[in-house]
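What follows is a single structure, written as structure tokens, with notes after it.
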Amino acid sequence: MKTTVPISICNRMQETTDSTIQLVEDPELLLKCGVCRVKLLTDKVSSEQWQEWAHTLSRVTPEIYSAQADEQYAFYRNIFDEEDFPFDAILKDSTISQAIVKYFSVKSMGELRLDDAFLIQYHSKQADTSGARHTDPSDITINICLERTPDTTGSNVLFYGTKSLVVTDGKDLAALPASDIDEKPLPHTFLVKQEQGMATIHWGDHLHETTPLFSGKRTNIIMTLCYRDASRTKAMSRNCYA
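Start counting the sequence shown at 50; every next residue gets the next number (the numbering used here).
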């Protein structure tokens, strides 16, 4: 006989699983694992404006309500054509663009194009606040946390395996001089906390998922970047949920 496990029990099981997986917060260790995490800083947009964008873009329109009225899953809104959103401030003049040029094998942001952008919001009233294990249809992914309420628990990004990042001079980070973190093997799975005002940058083919949110609210902007040179990209042929 098939037994249905209540959502509350599933959440407790997942919360226990989260607590057994290493939360990586050290920036150097994250880079060794293939993930770059930076503060969302640009002279063109203030922190208050980013929070205002979080509220504005997560506002339910009649069209969105008709598609997501049951609040079964996370709130989703495509913002690729949002004319007023400060894409240029992120991609041309920010700590994010600087980090991509430094660690992701491009000489300038001109080598990349924005392929898609969307907002996703998780809150405790939703029945399912997780995101299935997947890769992204991108070469590089930017995951910006615009809002995370103080009462938020859970809702981390869980990465599987590690990837290599390359510094500007072409050296693989794994080959850089040893430090204290090299005394321990890199984790096979690790969590990256989503904090307000922080951006998580990673390769599009780095396998990951979103763990359930247990309380509070988190609002993120996901931006997927692809190489302009079609011979460099494999994003379009990727089966993300294989």
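Glycine residues also receive a C-beta, built at the ideal position from the N, C-alpha and C atoms.
Distance between beta carbons of G246 and S143, contact taken as under 8 Å: Numbered from 1 along the sequence shown, position 94 holds the residue referred to as residue 143. Numbered from 1 along the sequence shown, position 197 holds the residue referred to as residue 246. 12 Å between Cβ atoms; not a contact.
Residues near I271 in its chain [Cβ-Cβ closer than 6 Å; skip 5 each side]: Indexing the sequence shown from 1 puts residue 271 at position 222. Excluding positions up to five away in sequence, the list reads F167, N192.
Per-residue burial, Q170 [other beta carbons within 10 Å of its own, 16 or more giving buried]: Indexing the sequence shown from 1 puts residue 170 at position 121. By the 10 Å Cβ count, Q170 comes out buried.
Proximity below 8 Å, CB of D188 to CB of L274: Taking the sequence shown and counting its residues from 1, one reaches residue 188 at position 139. Taking the sequence shown and counting its residues from 1, one reaches residue 274 at position 225. Their beta carbons are under 8 Å apart, which means D188 touches L274 by this criterion.
Any 3 or more C-beta pairs closer than 8 Å across the segment 172-185 and the segment 254-265: yes
CA-to-CA distance, N269 to R126, given in whole angstroms: The sequence position of residue 126 within the sequence shown is 77, counting from 1. The sequence position of residue 269 within the sequence shown is 220, counting from 1. When rounded, the distance between both Cα atoms is 11 Å.
Uninterrupted beta strand (DSSP E) stretches inside the segment 195-221 (no shorter than 3 residues): 206-209
Straight-line gap, A138 to Q147 (C-alpha atoms, nearest Å): Sequence index remark: in the sequence shown, residue 138 carries index 89 (1-based). Sequence index remark: in the sequence shown, residue 147 carries index 98 (1-based). Distance between the alpha carbons of A138 and Q147: 12 Å.
Spatial neighbours of H237 in its chain, beta-carbon cut-off 7 Å, leaving aside the 5 residues before and after: One-based indexing of the sequence shown puts residue 237 at position 188. The residues are G210.
With 16 other Cβ atoms within 10 Å as the buried cut-off, status of A284: Position 235 of the sequence shown, counted from the first residue, corresponds to residue 284. Buried is the call here.
Coil, strand or helix - S286 by DSSP: Within the sequence shown, numbered from 1, the residue matching residue 286 stands at position 237. In the structure shown, S286 sits in a helix (DSSP, three-state: H, G or I).
Distance between G253 and Y290 (C-alpha atoms, nearest Å): As a working mapping, residue 290 is identified with position 241 in the sequence shown. As a working mapping, residue 253 is identified with position 204 in the sequence shown. Each residue's alpha carbon lies about 12 Å from the other.
Rounded Cβ spacing between L89 and A248 (contact assumed at less than 8 Å): In the sequence shown, counting from the first residue as 1, residue 89 sits at position 40. In the sequence shown, counting from the first residue as 1, residue 248 sits at position 199. Going by Cβ atoms, the distance from L89 to A248 rounds to 5 Å, so yes, they are a contact pair.
Continuous alpha helix (DSSP H) assignments of at least 4 residues falling wholly in the segment 89-177: 96-106, 111-117, 136-140, 144-152
Selection from K141, L240, V241, S264 that minimises the alpha carbon distance to M158: The sequence position of residue 158 within the sequence shown is 109, counting from 1. With distances taken between Cα atoms, M158 lies closest to K141.
Whole-Å CB distance - L163 paired with F134, under 8 Å assumed: Position 114 of the sequence shown, counted from the first residue, corresponds to residue 163. Position 85 of the sequence shown, counted from the first residue, corresponds to residue 134. About 11 Å separates the two Cβ atoms, so there is no contact after all.
Distance cut-off 7 Å: Y125 Cβ against heavy atoms of the ligand GDP: As for the ligand GDP, it is missing from this structure, which has no ligand bound.
Paired residues, beta bridge with A248 - DSSP: As a position in the sequence shown, residue 248 is number 199, starting the count at 1. Beta-bridge pairing links A248 to V87, I193.
Extent of the continuous beta strand (DSSP E) run through L256: Here residue 256 is taken as the residue at index 207 of the sequence shown, counted from 1. From DSSP, L256 is part of no beta strand (DSSP E); its letter is neither H nor E.
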